[in-house]
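This report concerns only the one structure given below.
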Amino acid sequence: MVFNLPSKGKGMNILALAAHPDDIEFMCAGTLIMLKERGHQIALATVNNGSCGSATLPPDEIVRIRAGEARRAAELIGATFDCVGIPDLESVFDNPTRRKVSELMRRAQPDIVCTHFPGDYMPDHEIAGLLARDATFTATLGNYSTLAPHPAPILKRLPYLYYFSTLEGIDHFGQDVLLDIIVDVSSVMDKKTAMLCCHASQREWLRHEHGIDEYVEFLKRQAAHLGARRGYAFGEGFRQHRGHAYPRDNILETLLAPKQ
Ligand SMILES: [Zn+2]
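This is the structure we're talking about:
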């Protein structure tokens with residue numbers, strides 16, 4: 000497994016770790032674009048490889064196509080893209096997977112991690128969120144071996160950890176999830192949409208099924224729905240993990256504060 004993650008630059012290292020290629024674009028790309036514009040380094044990564052994302056192509060072919068699409072979306076904002084390589088719907092929280100995600104975390108050396116909300120709508124998302132949270136912790140432990148042939152150095156401190164909103168902003172029971180930051184992404188919606196459109200295989204699949212550009216329409220509906228919680232045209236929502244030992248000040252709000 001070779002990871003392709005950024006080295007430490009002047010700003011903060013921010014890692015968005017989701018389940019599937021295109022989840023990041025739906026849930027937090029606007030915020031990442033704004034952070035990149037403020038001089039921070041962005042790394043995108045997924046646990047799953049997108050193998051179930053086609054009704055016509057075999058898994059190996061759609062995996063190859065989707066890796067290229069995700070890489071192009073990352074390049075649009077000067078970010079890197081990596082994938083842990085678990086086939087869709089085969090996510091499990093086991094020790095081999097934990098080691099892989101921990102190694103990715105050490106290579107990324109993130110100051111901030113964004114991942115799926117606990118209780119998002121399907122198990123790949125829930126497990127990716129749990130793996131990400133677990134790795135923020137295991138990556139800091141010197142005696143935890145990832146068994147990688149050339150292991151990255153340990154993470155020196157627990158990063159800030161944020162969960163981006165669930166799909167549609169609701170939990171398993173249809174209730175709105177509690178979010179403690181809504182980022183106004185109205186100014187970067189075009190770029191967020193352009194990133195999503197890099198995932199052409201998924202866009203065309205939905206367009207074929209629905210006869211309309213449902214892929215882009217859903218992105219806009221979701222961002223409009225979350226933005227409406229604060230009166231923004233388009234928003235992305237987050238909740239900060241403030242459990243034992245994690246940094247609790249709201250760094251996202253600080254980094255995204257309007258420039259004076
Ligand atoms: Zn997904």
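Read in order, the letters of the sequence shown correspond to residues 0 to 259 in our numbering. All residues carry an ideal CB built from backbone N, CA and C; glycine is no exception.
Cβ-heavy atom distance, residue i to ligand 1, below 7 Å
| i | result |
| --- | --- |
| His-207 | no |
| Asp-59 | no |
| Ala-18 | yes |
| His-198 | no |
| His-171 | no |
| His-240 | no |
| His-39 | no |
| Asp-175 | no |
| Asp-248 | no |
| Asp-183 | no |
| His-243 | no |
| Asp-22 | yes |
| Asp-123 | yes |
Check whether residue i and residue j have beta carbons under 8 Å apart
| i | j | result |
| --- | --- | --- |
| Gln-261 | Asp-21 | The first residue shown for the chain is 0 and the last is 259, placing residue 261 beyond what the model contains. |
| Cys-51 | Leu-88 | yes |
| Leu-195 | Val-215 | yes |
| Cys-27 | Phe-217 | no |
| Gly-230 | Ala-222 | no |
| Asp-212 | Arg-220 | no |
| Ala-131 | Ala-78 | no |
| Leu-129 | Phe-92 | yes |
| Tyr-120 | His-240 | no |
Alpha-carbon spacing of residue i relative to residue j, whole angstroms
| i | j | result |
| --- | --- | --- |
| Pro-95 | Ser-101 | 10 Å |
| Leu-157 | Tyr-245 | 6 Å |
| Arg-105 | Glu-36 | 24 Å |
| Ala-127 | Thr-45 | 8 Å |
| Thr-30 | His-224 | 16 Å |
| Thr-145 | Leu-34 | 30 Å |
| Cys-82 | Asp-123 | 14 Å |
| Gln-108 | Gly-210 | 43 Å |
| Leu-251 | Thr-114 | 14 Å |
| Ala-18 | Leu-56 | 20 Å |
| Arg-238 | Phe-80 | 24 Å |
| Pro-86 | Asp-59 | 10 Å |
| Glu-24 | Asn-142 | 35 Å |
| Glu-125 | Leu-166 | 12 Å |
| Glu-203 | Ala-54 | 11 Å |
| Arg-71 | Asn-249 | 31 Å |
| Gly-173 | Phe-116 | 14 Å |
Per DSSP, cross-strand counterpart(s) of residue i
| i | result |
| --- | --- |
| Leu-14 | Ala-42, Val-112 |
| Leu-160 | Val-112 |
| Gly-234 | Asp-183 |
| Phe-80 | Leu-43 |
| Ile-23 | For Ile-23, which the question treats as bridged, DSSP gives no partner whatsoever. |
| Gln-239 | Tyr-161 |
| Ile-169 | Asp-175 |
Close beta carbons around residue i, own chain, < 7 Å, minus the five adjacent residues each side
| i | result |
| --- | --- |
| Val-62 | Asn-48, Gly-49, Ser-50 |
| Ile-169 | Asp-175, Val-176 |
| Pro-152 | Arg-105 |
| Arg-98 | Thr-145, Leu-146 |
| Leu-154 | Met-104, Arg-105, Gln-108, Ala-138, Thr-139 |
6 Å Cβ shell around residue i - same chain, five flanking residues per side excluded
| i | result |
| --- | --- |
| His-39 | Gly-10, Met-11, Ile-13 |
| His-198 | Asp-21, Glu-68 |
| Ala-232 | Ser-185, Gly-226 |
| Met-188 | Phe-233 |
| Gly-84 | Asn-48 |
Own chain partners of residue i with C-beta closer than 8 Å, once the 5 adjacent residues on each side are dropped
| i | result |
| --- | --- |
| Leu-75 | Lys-190, Ala-193, Met-194, Cys-197 |
| Asp-133 | Phe-92, Arg-97, Val-100, Ser-101 |
| His-171 | Gly-118, Tyr-120 |
| Leu-281 | Since the first and last residues shown for the chain are 0 and 259, residue 281 lies out of range. |
| Leu-178 | Ser-164, Gly-168, Leu-225, Arg-228, Gly-236, Phe-237, Arg-238 |
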